[in-house]
DNA sequence: GTGAAAGCGCTAACAG
DNA sequence: CTGTTAGCGCTTTCAC
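Chains as they are written, first to last, in my numbering: chain E, 314 to 654; chain X, 314 to 654.
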């Protein structure tokens, strides 16, 4: 329908196409009278400037890419990603970017995606979910010079911009809380240990324990992958070691862990206290008042886009790191309310 | 990095830019010798044609948009959407489209998005999640002539292309199965009744009952919204009417419903049989062997993109409708295995 | 089989 | 304040 061009609008208004362009881009140098006339015509005709033409001449596509590697297998199982994507979408809306979504699915060679991402003119910048497998792709992208923000701390390459939460401190905070409540045998169900988030939270756990003079009992440490099933299985596996409290690296896993506990006839927090991580809406549902580390997922997404926009405008060097804070949300599953009686 | 142009490659190879263009686009009229030389140079330099320039001249952006209205509040709660998006992403990869994601978030006026979608040159076509609120946006989009496929049956406008599953037949199939197992008081927890999918599944339920000569007891019908919480609340609400079986319009709600049942000390399926809808991975987890209607969410997404691609190539008229099949997956929650003893 | 030339629709100097 | 002009990088006739 809208196959009008700048030229068409210009003719109808009896001005040149530059003037119309100026009106569209809010340049000051247009008389009010002409501006009004042109604006009216634009509105009446429903004219929209051609995106590709604009992108070509201005070398800005106003599109940013979000890359989610296939190893993010909790994508359709964990509410974390949808929430993150909502935040990112919101950030894009605010800054007038279009969001291009690049899910690397099983069948696609990760190699294949590089040309699509680096093709000049299609993306102003890239948001890339940190991931071990994708790390060499990240390096290539960084070298290509395209503005790039890694979501989460990347593996090898600290010489690159990223946004993350302080997972180590957050885990320490959680475990400290457990210690302060008097628990003696504190276990953990970790995230996947081929991700920095998994590693960092685990390290925080160890660090907190050590600071309090506890030794780390490896039987109390089980690797998970953020899925509920692994939370369930992890708790089953950890139970023989007789924990009195467990720091579970995601709420989704905590739900599985609590399910395992209940099936064994164990009560939360009386028999085993639980602290989760994420604080997504599900964490405080009817039968589950999970004490958890709140991370600002949505705001994190918004911020990531703002950060990327910064790099697009001001350049990618030197690399910068944004670390967002977390906070402990104390509800019932850690047993704090019992202690206060 | 890759600020090379066709012209640069041409020079290095001692040919014209037309020839390089031909090589890139696999035109036949290039001698093997030259083709090889150019291909090698492209590979060596890592040259990528400029997307915007290409889009401008060919009037194809190779991008399709996916629009998710804000009323889809189960977006970050129900695994359905992530799975659908995976399918769509896969379809896009196959057909070499980039996927543009348009989440309409609370704060954004739905009006505001129309210009972004209809801006010429940015999108080759649009996938739009059916939704009551968005329906007028759908009409405007359709009128603008852009290739458009609605995901799910739209509300008022049958004069538009859409892809859906046969929700009515699927619900009938589910309820028939319950009837054939001898249940007498079959209830339903519906989807949101401001969506066609919610309405259709409810109508299928009624229809099946009526075909078998059952009257529809309104106390056995409760409106839900696809979230687990509403499944939980819905079951609590329906319980006084003493159902012996309940058709729950989504697995996510079924999980909540079963939770409610268990809390009341009721067994599934002995006391109340349950059939869900979706058959996402969660439906067959450790403690939950849900009988459910399988819908091919992932393939549905792939198919939607293929359909859209068809419209892009062959034109949007006349509108076509694709209806994908579903099947009943009998597991334990409906009690069929007990009957067989 | 290959090159020259035109032009997609727009922005941004540069004149005036 | 406004118009003219020159491309942005590519595809595609049209000659040869």
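We put the CB at the ideal spot given by N, CA and C, even for glycine. From a predicted model like this one, the values you see are computed outputs, not experimental measurements.
Chain X within 8 Å of residue i, Cβ atoms only
i              : result
residue 435(E) : yes
residue 368(E) : yes
residue 527(E) : no
residue 390(E) : yes
residue 412(E) : yes
residue 617(E) : no
residue 657(E) : Beyond the ends of chain E as shown, which are 314 and 654, falls residue 657(E); an answer cannot be given.
residue 428(E) : yes
residue 402(E) : yes
residue 330(E) : no
residue 335(E) : no
Under 8 Å between C-beta atoms of residue i and residue j
i              : j              : result
residue 377(X) : residue 458(X) : no
residue 568(X) : residue 535(X) : no
residue 463(E) : residue 473(E) : yes
residue 665(E) : residue 614(E) : Nothing can be reported for residue 665(E): it is not among the residues displayed for chain E, which extend from 314 to 654.
residue 604(E) : residue 561(E) : no
residue 533(E) : residue 500(E) : yes
residue 570(E) : residue 491(E) : no
residue 348(E) : residue 326(E) : no
residue 414(E) : residue 414(X) : yes
residue 504(X) : residue 563(X) : yes
residue 549(X) : residue 573(X) : yes
residue 476(X) : residue 616(X) : yes
Per-residue burial, residue i [other beta carbons within 10 Å of its own, 16 or more giving buried]
i              : result
residue 411(X) : buried
residue 371(X) : exposed
residue 314(E) : Caution applies to residue 314(E), whose pLDDT of 49 falls short of 50 and renders its modelled position unreliable; the value that the coordinates give is listed next. Exposed is the call here.
residue 390(E) : buried
residue 636(X) : exposed
residue 538(X) : buried
residue 640(X) : exposed
residue 425(E) : exposed
residue 638(X) : exposed
residue 627(X) : exposed
residue 584(X) : exposed
residue 444(X) : buried
residue 342(X) : exposed
residue 431(E) : buried
residue 646(X) : buried
residue 651(E) : exposed
residue 316(X) : exposed
residue 354(X) : buried
residue 374(X) : buried
residue 580(X) : exposed
residue 400(E) : buried
residue 511(X) : buried
residue 526(E) : exposed
residue 591(X) : buried
residue 428(X) : exposed
Cβ of residue i within 8 Å of any chain E Cβ
i              : result
residue 314(X) : Note on residue 314(X): pLDDT 48, under 50, position unreliable in the model; no value is reported.
residue 394(X) : yes
residue 600(X) : yes
residue 363(X) : yes
residue 431(X) : yes
residue 374(X) : yes
residue 445(X) : no
residue 325(X) : no
residue 406(X) : yes
residue 572(X) : yes
residue 399(X) : yes
| request: At 3 residues or longer, and completely inside the stretch 603-631 of chain E: list those beta strand (DSSP E) runs for me, N to C. | output: 604-607
| Any beta strand (DSSP E) of 3 or more consecutive residues that is wholly inside the stretch 526-600 of chain X | 534-536, 558-561 and 586-591
| query | Counting Cβ pairs closer than 8 Å, one from the stretch 537-556 of chain E and one from the stretch 516-526 of chain E, do we hit at least three? | reply | no
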